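The block underneath contains the structure these notes are about, expressed in structure tokens.
Residue numbers (my numbering), protein chains in the order written: chain A, 3 to 323; chain B, 5 to 413.
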């Protein structure tokens, strides 16, 4: 007699049944007289037997069925074959796995930081507060750097557009999550969306101030790449957490790979250009200008500045001057 | 930005020729059509005119007529075609990029030559310009001499006649049939320019031969010789103060500079009030169809926010500049820039950002184009001054930038 647990994975989902397998065997099939009843039209009324053989080995045998059975991908014949605990037995559209009851279960998994993050916003009030903060900050940034004076109507329109965009994204991603993971996680996605937009605005602002104070286009370029790249990776890991069953390591690897490939795709145009295509008659300088209140850098004297400009006359491509 | 008259070279300009009928018939024979051909393309790449000034076959034309040959002698040849249809090859001996002249040698010289005028050309005196406009046949254009062009550093004769493409390099004669100038450019109807004959005579008498390998080196040398005193004089003299937007700035700092102004007062919907002024020196050098050098340009722009906040106003400021002289990859590097905040007299509520950009001429060693921009930004107003210099040596660029910075800060 072996005390076992049988896991049945059919169209209805996964269920577990506690069973005792003895020498006489246990029948699995569609018949109501079966020890384990399956609801699957491709399964015969008496489909297979599980029994305990010599040395306590579990044996599995197909009962000359219409559609047959397989164990771990191998077709099962009429004679009883030893079964390794945990292997998938496929009959019809149903997968069956048998475990030993005495083997015990895996340790409890820890909730990921992403779950805990979403849990923090589990009330209507906290979600509304987060959403309002996000919208207010976006409106502030909009207003700060508008090309023309904005009135309340303009700001309302942009806030409304952001809200609609967020909603559409959450719905579409939620639908995909439902397909992949079985739950839409709309609330989690909404929280993730709000926090991402908030962070995007904060990072943009910080980058602008930094770039303005640096006045160095090359450093500015890499700072932007790193800033926005890190935010994208973070957001993607969040999406994978709420939408898939990927493990922590895989989530990070996938996110980093996606961000790197998008970056490579965007830059490939520039990388593939020949030297003469990169030529132009324009100066290349920092494009951001901010008001005096946001200048924190020390000013240099005119003499120091001009001394530094001496270096501009050395051209690497001409072998220096 | 500017209403400055763009001087179009005759090769590229269209108009109608007025043909005079004086007793100049014999002179028609003395004008050659000069063609630069590229044997690979199997056709002419530029045409102009020229005339023989010595019995041993020296021919004068414009530098810009043969510039395609100078820039790539391996792929071009210079040919002539006489009034009677005779054709042959010409050898380039020497050129003068500053005065736009070239000296060629005829392998089969004619007995009859044109001679340079010995007497001074008087204002109002009639000048007869000969050349082959647009390959239609040798034509004569009559018009008065109006003296030297104002707002020009180099001497050029203002000739009120319609010079046309193809007449470049042809002779301009006085009533005695002596050469007083060389056709060079036009700026529209009846507004044409001649190089004074003395410059051509100097080139013909110099008796030099520049070899192909030294063409670029020679261009470099000529530009440096031209630029040094032209710029040094500007560095040494004080720049007369001219107020702009309440600041003691400057403007037409020498007779070869012309300034133009602009405001956006007439714009209906404006968030920023702007006033600007730009000044340009009248001379620049044509080196090739896509390469010019020697421009001197500066501008001031003052703006004041009418309804923008400090950040919105700052956002409207894009500190970019572009070259004022034409060039391309083969001739110039990209600009290298340095921008920084420089100490000025301003308070906490203002800053001065200075941007300097430099690019080098690839084939003209030691010559650079430079852009300088000084932005003085307060919360609601800014003054941007901009200086663009072309084809100058490093020390003079630095001195000029410094003087400009001091004069505009």
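We treat Cβ as the ideally placed atom computed from N, Cα and C, and that holds for glycine.
All figures in this text were calculated on a predicted structure; none of them were measured in a lab.
Spatial distance of residue i from residue j (CA atoms)
i, j, result
"residue 276 (chain B)", "residue 280 (chain A)", "34 Å"
"residue 100 (chain A)", "residue 109 (chain A)", "19 Å"
"residue 239 (chain A)", "residue 182 (chain A)", "16 Å"
"residue 73 (chain B)", "residue 81 (chain B)", "7 Å"
"residue 12 (chain A)", "residue 42 (chain A)", "8 Å"
"residue 231 (chain B)", "residue 163 (chain A)", "59 Å"
"residue 214 (chain B)", "residue 363 (chain B)", "27 Å"
"residue 307 (chain A)", "residue 224 (chain B)", "29 Å"
"residue 271 (chain B)", "residue 166 (chain A)", "37 Å"
"residue 124 (chain A)", "residue 189 (chain A)", "8 Å"
"residue 254 (chain A)", "residue 210 (chain A)", "28 Å"
"residue 41 (chain B)", "residue 50 (chain B)", "7 Å"
"residue 148 (chain B)", "residue 99 (chain B)", "28 Å"
"residue 77 (chain B)", "residue 216 (chain B)", "7 Å"
"residue 248 (chain A)", "residue 116 (chain A)", "13 Å"
"residue 157 (chain B)", "residue 226 (chain B)", "15 Å"
"residue 66 (chain B)", "residue 36 (chain B)", "13 Å"
"residue 179 (chain B)", "residue 285 (chain A)", "52 Å"
"residue 8 (chain A)", "residue 21 (chain A)", "7 Å"
"residue 213 (chain A)", "residue 168 (chain B)", "53 Å"
"residue 104 (chain B)", "residue 285 (chain B)", "17 Å"
"residue 300 (chain A)", "residue 345 (chain B)", "8 Å"
9 Å Cβ cutoff, residue i in contact with chain A
i, result
"residue 298 (chain B)", "no"
"residue 312 (chain B)", "yes"
"residue 5 (chain B)", "The pLDDT assigned to residue 5 (chain B) is 35, lower than 50, so where the model puts this residue is not dependable; a value taken from the coordinates is nonetheless given after this. For residue 5 (chain B), the answer is no, since every Cβ of chain A falls outside 9 Å of its Cβ."
"residue 409 (chain B)", "yes"
"residue 404 (chain B)", "no"
"residue 325 (chain B)", "yes"
"residue 304 (chain B)", "no"
"residue 316 (chain B)", "yes"
"residue 338 (chain B)", "yes"
"residue 360 (chain B)", "yes"
Chain B within 9 Å of residue i, Cβ atoms only
i, result
"residue 112 (chain A)", "no"
"residue 311 (chain A)", "yes"
"residue 295 (chain A)", "yes"
"residue 315 (chain A)", "yes"
"residue 292 (chain A)", "yes"
"residue 320 (chain A)", "yes"
"residue 163 (chain A)", "no"
"residue 131 (chain A)", "no"
"residue 303 (chain A)", "yes"
Buried or exposed (CB count within 10 angstroms, at least 16 for buried), residue i
i, result
"residue 223 (chain A)", "exposed"
"residue 211 (chain B)", "exposed"
"residue 49 (chain A)", "buried"
"residue 323 (chain B)", "buried"
"residue 56 (chain B)", "buried"
"residue 25 (chain B)", "Bear in mind that a pLDDT of 40 at residue 25 (chain B), under 50, signals an unreliable position, so the number given afterwards is only what the model happens to contain. Burial call: exposed."
"residue 198 (chain A)", "buried"
"residue 404 (chain B)", "buried"
"residue 17 (chain A)", "exposed"
"residue 268 (chain A)", "exposed"
"residue 335 (chain B)", "buried"
"residue 91 (chain B)", "exposed"
"residue 325 (chain B)", "buried"
"residue 137 (chain B)", "buried"
The ligand FMN heavy atom lying under 8 Å from the CB of residue i
i, result
"residue 280 (chain A)", "What this structure holds is no ligand at all, so the ligand FMN is not there to describe."
With three or more beta-carbon pairs closer than 8 Å as the criterion, would you say the segment 119-132 of chain B touches the segment 83-100 of chain B? no
Does the pairing of the segment 104-122 of chain B with the segment 236-243 of chain B give three or more beta-carbon distances under 8 Å? no
Between the segment 200-212 of chain A and the segment 138-154 of chain A, do at least 3 Cβ pairs fall closer than 8 Å? yes
So if I threshold CB-CB distances at 8 Å, which residues from the segment 202-233 of chain B count as touching chain A? none
If contact means a Cβ-Cβ distance below 9 Å, which residues of the segment 145-160 of chain A contact chain B? 145, 146, 147, 148, 149, 150, 151, 152
At least three beta-carbon pairs within less than 8 Å, the segment 294-303 of chain B to the segment 190-199 of chain B: Under the Cβ criterion (8 Å, minimum of three pairs), the segment 294-303 of chain B does not count as touching the segment 190-199 of chain B.
Residues in the segment 172-205 of chain B with C-beta within 9 Å of chain A's C-beta atoms, listed in sequence order? none
Determine which residues of the segment 262-290 of chain A have a Cβ less than 9 Å from any Cβ of chain B, and write them out in chain order. 277, 278, 279, 280, 281, 282, 283, 284, 285, 286, 287, 288, 289, 290
I'd like to know if the segment 102-119 of chain A and the segment 169-189 of chain A are in contact, where contact means that at least 3 CB-CB pairs between them fall below 8 Å. The segment 102-119 of chain A is not in contact with the segment 169-189 of chain A.
Interface positions of the segment 151-168 of chain B facing chain A (Cβ-Cβ less than 8 Å), listed along the chain: Going along the segment 151-168 of chain B in chain order, one finds no residue with a Cβ nearer than 8 Å to chain A.
Check whether the segment 174-187 of chain B and the segment 198-206 of chain B touch, using three or more Cβ-Cβ pairs below 8 Å as the test. yes
Is the segment 278-289 of chain B close to the segment 252-269 of chain B, with three or more CB pairs under 8 Å? yes
Residues in the segment 100-131 of chain B with C-beta within 8 Å of chain A's C-beta atoms, listed in sequence order? none
If the cut-off is 7 Å on Cβ atoms, which residues from the segment 204-219 of chain A count as contacting chain B, listed in chain order? 217
Three or more C-beta pairs closer than 8 Å, one from the segment 54-70 of chain A and one from the segment 79-92 of chain A: is that the case here? yes
Across the segment 310-319 of chain B and the segment 337-352 of chain B, are there enough close Cβ pairs to call them in contact, namely three or more that are closer than 8 Å? no
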